[in-house]
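Engineer: Plus 11 on top of the position in the first sequence (first one is 1) and you've got the working numbering.
Where is the CB? At the ideal position from N, CA and C, for every residue including glycine.
From a predicted model like this one, the values you see are computed outputs, not experimental measurements.
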Amino acid sequence: MPMLEALQSRDELNPVIKTRVEKACGLMDENVHLYPNDFKRDTEIQEIWDQYTEVEGEELEAVDREFAIAGRVVSYRSFGKVTFFHVQDRSSKIQVYAARDELGADPYKLFKKTDVGDIVGVVGGLFRTKTGELTLKTKSFQLVSKSMRPLPEKYHGLKDVETRYRQRYVDLIVTPRTKEIFEMRTAIVRELRDFLDEKGFMEVETPMMQAIPGGATAKPFETHHNALDMKLYMRIAPELYLKRLLVGGFERVYEINRNFRNEGISTQHNPEFTMLEFYWAYANFEDLMDLTEEMFSRIAKKVTGSSVVPYQGVDVDLSVGAWTRMAFHESLEKIGGVSPEIYADYDKCRDFVKEKGEKVIEGEKLGKLQAKLFDVLVEPKLVQPHFIYHYPTDISPLSRRNEDNPDITDRFELFMTGREMANAFSELNDPVDQRGRFEDQVAEKEAGDEEAHFMDDDYVRALEYGMPPAAGQGVGIDRLVMLLTDSASIREVILFPLLRPEVG
RNA sequence: GCCCCGUUAGCUCAAUUGGUUAGAGCAUCUGACUCUUAAUCAGAGGGUUCCAGGUUCGAGUCCUGGACGGGGUACCA
Numbered sequence: 012m013p014m015l016e017a018l019q020s021r022d023e024l025n026p027v028i029k030t031r032v033e034k035a036c037g038l039m040d041e042n043v044h045l046y047p048n049d050f051k052r053d054t055e056i057q058e059i060w061d062q063y064t065e066v067e068g069e070e071l072e073a074v075d076r077e078f079a080i081a082g083r084v085v086s087y088r089s090f091g092k093v094t095f096f097h098v099q100d101r102s103s104k105i106q107v108y109a110a111r112d113e114l115g116a117d118p119y120k121l122f123k124k125t126d127v128g129d130i131v132g133v134v135g136g137l138f139r140t141k142t143g144e145l146t147l148k149t150k151s152f153q154l155v156s157k158s159m160r161p162l163p164e165k166y167h168g169l170k171d172v173e174t175r176y177r178q179r180y181v182d183l184i185v186t187p188r189t190k191e192i193f194e195m196r197t198a199i200v201r202e203l204r205d206f207l208d209e210k211g212f213m214e215v216e217t218p219m220m221q222a223i224p225g226g227a228t229a230k231p232f233e234t235h236h237n238a239l240d241m242k243l244y245m246r247i248a249p250e251l252y253l254k255r256l257l258v259g260g261f262e263r264v265y266e267i268n269r270n271f272r273n274e275g276i277s278t279q280h281n282p283e284f285t286m287l288e289f290y291w292a293y294a295n296f297e298d299l300m301d302l303t304e305e306m307f308s309r310i311a312k313k314v315t316g317s318s319v320v321p322y323q324g325v326d327v328d329l330s331v332g333a334w335t336r337m338a339f340h341e342s343l344e345k346i347g348g349v350s351p352e353i354y355a356d357y358d359k360c361r362d363f364v365k366e367k368g369e370k371v372i373e374g375e376k377l378g379k380l381q382a383k384l385f386d387v388l389v390e391p392k393l394v395q396p397h398f399i400y401h402y403p404t405d406i407s408p409l410s411r412r413n414e415d416n417p418d419i420t421d422r423f424e425l426f427m428t429g430r431e432m433a434n435a436f437s438e439l440n441d442p443v444d445q446r447g448r449f450e451d452q453v454a455e456k457e458a459g460d461e462e463a464h465f466m467d468d469d470y471v472r473a474l475e476y477g478m479p480p481a482a483g484q485g486v487g488i489d490r491l492v493m494l495l496t497d498s499a500s501i502r503e504v505i506l507f508p509l510l511r512p513e514v515g
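And the structure:
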C-alpha cells in the first residue's frame, strides 16, 4: 500500500491515520475513485439558504427540484440505517440526510465509509426534519476527495495557535472566525481599490527587488541575482518608484503590495507586510487628511457595517469629523506633558530622553530625540484617530519643508489604538533639497545607522526633470485589517505568518 | 537581543509535597440503533509526557542546556 508507506516514511502514521488509509484502500478495492473530478455541483449551499430559509411544510415538499452540492463533511451522526451529517462549502453548510432505504443497500454501505473531513458530492431534494432543520435528502452520493487525517475536535475546535498558523488550511476548515477575518481582509482591500479608483487613482506595480532600497527607514533583506551577479534588496517601500511615476505624468497612482523589512517580529510586525501607498499630484498633506477620513470611515462602514469599530474593548470612532488634528510639538506638550523649554532645547531634551529610559546615540539630532519622547509619551495615548502633523525635518528625509518653518515638514502620521496607522506628507520635489537630505542620510549611515537612507542618484535625476507638487501616503494594510477585525495580533490577519521551520 | 510563560493521546484538557500501571471528554475501532445535531448505549485500542543530559530508591512534576510557540520589553518607524 503506497499510501501507507508514504505516511510511514514521514513517521506520521498514528493509528487514526492508519485506519483511514486502510479504509481508503478498501474503497479502492471496491473500485471507488478516491479523487474523482467528475462531480458536477450546480448549487452553492448559501443559495439554498437564501431561497428556502423561510419555506416550510407542504410548500417545501412541493419544491420539485434536486440540488447537487459539494463540500467537506464536518459532522457525522449515524443511526445504523440512517445518517445525518453536515456538508460545508465555501459559502455555508447544511445538514444532509442519508437513508439506506432511499439510497439502496449497496450504495449506503459504501456511503457509510465516509469519514468526517472527506469532501463529498450529494444530489437530493429538500425537507425539514422533526426539529425543523432544513436538510438535503440524499438521492445519490459520491466521494470527491478522501481525507486521511482527522480534523480537530468538533466542540472545542483548534485552539493551539501554533498549529493554527502553521496549518492554516486546518484552521480555515474548523474555525469560522478565521475564515471570516480573511474574507474581511479581501473585502477591505477591494474597498480600498474601489475608493481610490473612484477618485481617479491608477493602480501600478513597481519593483519589489531593488538595487537601492529606499522610501523608508528600515533594514532591508538582501538577495542576489545570479545572471547579473548583482546584489539586490527586497523593497522596504515603493515610494521612490511611485514618485518617479508622478514625474512621468501619472498624476494619481497607488500600489497595494508587499514590503519587506528585516526587523523584529511582534504582534504588530511581520517581516513581509502589505502596504498601500498612493500619490496625488497637486494636493497637499491637508487634502490627504480629508481624503483619509473619508476613506477609513467609508471602508469601516462597508466592511463592518459601522464607522465606529470596537477594538480590544474600546470603540474607535472613524466617522468623518471625529478625527483630531494636532501639531507634533503641540502633542508633545498637551498629550505628552513636555514643555517647549525642554523639547526645544537640545541638551534638556537629550537629558529628558535619557530620564525616560531611552537610549541616546551620540550626535543624534533634536528631531530624533523629540520623536523618541513622542513614542513613549504620546503615541500610546492616541486611542481615537489622531493626525499628528508637522514632523521634524530631521526625521522626514522625503517630506516637503513647511513654508514658514524649515525645521518642520508638511507631514503627518495617523495614530489610533495607540499605534501608527499611516504616514503621509507633502512630497519634497526640490531636487537640490532632496540631494542634500540624502547626503545627510548617507552621513548617518556612515556613522553607523543601519537604517539610514541610501543615496539614490536616479531618483534625484527624476526630480531634476520636475515633479509636480504632490502629497503621498502609506497605510499599513495589515494593521488596518487588525483594527477592522478586532484582532490583537498581526498573525491573525496574515494567512501564513512567518514562523521558524517546523522541527521533525 | 533580553525577561516571563507554555509544550502530556489525532483534538481539548487533568494528573496532590517527587510516589503504584500517566487519566477524562471528543475523535478512532467493534457492536446496537430509521429524525439526530457536542446524538445515545455497551465494549476496545491509542502515550518518545517537546528533545538531550542531570539529581533521586523513584521524575510529567525538581535542576541544566536546547527546540518550538505565546506574551512582554528593547532595537526600530
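What's the gap between the Cα of Ile223 and the Cα of Met245?
Structural biologist: Cα to Cα, the separation comes out at about 9 Å.
Engineer: In angstroms with no decimal places, state the Cα-to-Cα distance between Lys157 and Ser500.
Structural biologist: Roughly 34 Å between the two C-alpha positions.
Engineer: According to DSSP, simplified to helix, strand and coil, what is Leu169?
Structural biologist: Here Leu169 sits in coil by DSSP.
Engineer: Ordered along the chain, which non-local residues of its own chain (more than five positions away) have a Cβ less than 7 Å from that of Asp22?
Structural biologist: Caution applies to Asp22, whose pLDDT of 49 falls short of 50 and renders its modelled position unreliable; the value that the coordinates give is listed next. Closer than 7 Å at Cβ, skipping near neighbours: no residue.
Engineer: Is the region 420-429 in contact with the region 290-300, if contact means three or more CB pairs nearer than 8 Å?
Structural biologist: Yes, since at least three Cβ pairs between the region 420-429 and the region 290-300 fall closer than 8 Å, the two stretches touch.
Engineer: Is it the case that the Cβ atoms of Val131 and Leu154 are separated by a distance below 7 Å?
Structural biologist: Yes, they are a contact pair.
Engineer: Per DSSP, which residues does Thr189 bridge with? Please list them.
Structural biologist: DSSP output for Thr189 lists no bridge partner at all.
Engineer: Determine the DSSP secondary structure at Leu137, reduced to helix, strand or coil.
Structural biologist: Strand at Leu137.
Engineer: Can you pull the DSSP bridge partners for Gly82?
Structural biologist: Note: Gly82 sits in a beta bridge opposite Val131.
Engineer: Determine the DSSP secondary structure at Ala334, reduced to helix, strand or coil.
Structural biologist: Residue identity differs from the one stated: residue 334 is Trp in this sequence, not Ala. Coil at Trp334, not helix or strand.
Engineer: If we ignore side chains and look at the alpha-carbon of each, how far apart do Thr30 and Lys124 end up?
Structural biologist: Using only the alpha carbons, I get a separation of about 11 Å.
Engineer: Out of curiosity, what's the CA-to-CA distance linking Asp468 and Ala482?
Structural biologist: Roughly 22 Å between the two C-alpha positions.
Engineer: Please look up how many angstroms separate the CB atoms of Arg83 and Val98, rounded, as I've assumed it's under 8 Å.
Structural biologist: That pair is a contact at about 7 Å.
Engineer: Determine whether the beta carbon atoms of Tyr63 and Leu137 lie at a separation below 7 Å.
Structural biologist: Cβ distance < 7 Å, so Tyr63 and Leu137 count as in contact.
Engineer: Does Lys210 come out as helix, strand or coil in the three-state DSSP assignment?
Structural biologist: The answer is coil: DSSP assigns Lys210 none of H, G, I, E or B.
Engineer: By Cβ distance, which residues of its chain are closer than 7 Å to Ala338, with the 5 residues on each side in sequence left out?
Structural biologist: Once the five neighbours on either side are set aside, the close Cβ partners of Ala338 are Tyr400 and His401.
Engineer: So, Leu439 versus Arg411, is the Cβ gap smaller than 7 Å?
Structural biologist: Against a cut-off of 7 Å, the Cβ pair of Arg411 and Leu439 comes out as a contact.
Engineer: Considering only their Cβ atoms, is the gap separating Ser103 from Arg60 smaller than 7 Å?
Structural biologist: Position check: residue 60 holds Trp in this sequence, whereas Arg was assumed. Closer than 7 Å, so yes.
Engineer: So the candidates are Thr428, Glu475 and Lys120; which of them puts its Cα closest to the Cα of Leu329?
Structural biologist: For Leu329, the nearest C-alpha among the options comes from Thr428.
Engineer: With 16 as the cutoff for other CB atoms within 10 Å, does Ala35 come out buried or exposed?
Structural biologist: Buried is the call here.
Engineer: Opposite Lys148 in the DSSP bridges: which residues?
Structural biologist: DSSP, once it has assigned bridges, lists Tyr108 and Gly136 as partnering Lys148.
Engineer: Just the C-alpha distance for Phe96 and Val107, rounded to the nearest angstrom, thanks.
Structural biologist: Computed Cα separation, rounded: 5 Å.
Engineer: Spatial neighbours of Glu431 within its chain, please: CB distance less than 6 Å, with the 5 preceding and 5 following residues excluded, ordered by chain position.
Structural biologist: Hits under 6 Å: Glu424.
Engineer: So for Glu288, helix, strand or coil by DSSP?
Structural biologist: Three-state result, Glu288: strand.
Engineer: To the nearest angstrom, how far is it from the Cα of Ser317 to the Cα of Val492?
Structural biologist: Taking the straight line joining both Cα atoms gives about 15 Å.
Engineer: Where does Glu41 land, buried or exposed, given buried means 16+ other C-beta within 10 angstroms?
Structural biologist: It counts as exposed.
Engineer: Can you tell me where the alpha helix (DSSP H) holding Gln452 begins and where it ends?
Structural biologist: That run of the alpha helix (DSSP H) goes Pro442 to Glu457.
Engineer: Distance, Cα to Cα, Thr335 vs Ile488?
Structural biologist: Distance between the alpha carbons of Thr335 and Ile488 is about 21 Å.
Engineer: So what does Gly483 bridge to, in DSSP terms?
Structural biologist: Answer is Tyr290 and Phe436, bridged to Gly483.
Engineer: Tyr63 by DSSP, collapsed to three states: which one?
Structural biologist: In the structure shown, Tyr63 sits in a helix (DSSP, three-state: H, G or I).
Engineer: Across which residues does DSSP place Ser410 in a beta bridge pair?
Structural biologist: DSSP lists Glu438 as partners of Ser410.
Engineer: So for Ile488, helix, strand or coil by DSSP?
Structural biologist: Reduced to three states, the DSSP call for Ile488 is helix.
Engineer: In this structure, how does DSSP classify His97 when only helix, strand and coil are distinguished?
Structural biologist: Strand at His97.
Engineer: Can you tell me which of the three DSSP states Glu349 falls into?
Structural biologist: In the sequence as displayed, the identity of residue 349 is Val instead of Glu. It is coil, neither helix nor strand.
Engineer: So, Gln484 versus Ala454, is the Cβ gap smaller than 7 Å?
Structural biologist: No, Cβ-Cβ distance for Gln484 and Ala454 is not below 7 Å.
Engineer: What residues in its chain sit with their C-beta under 6 Å from that of Asp53, if we drop five residues either side in the sequence?
Structural biologist: Closer than 6 Å at the Cβ level, and outside the excluded window around Asp53, lie Ala79.
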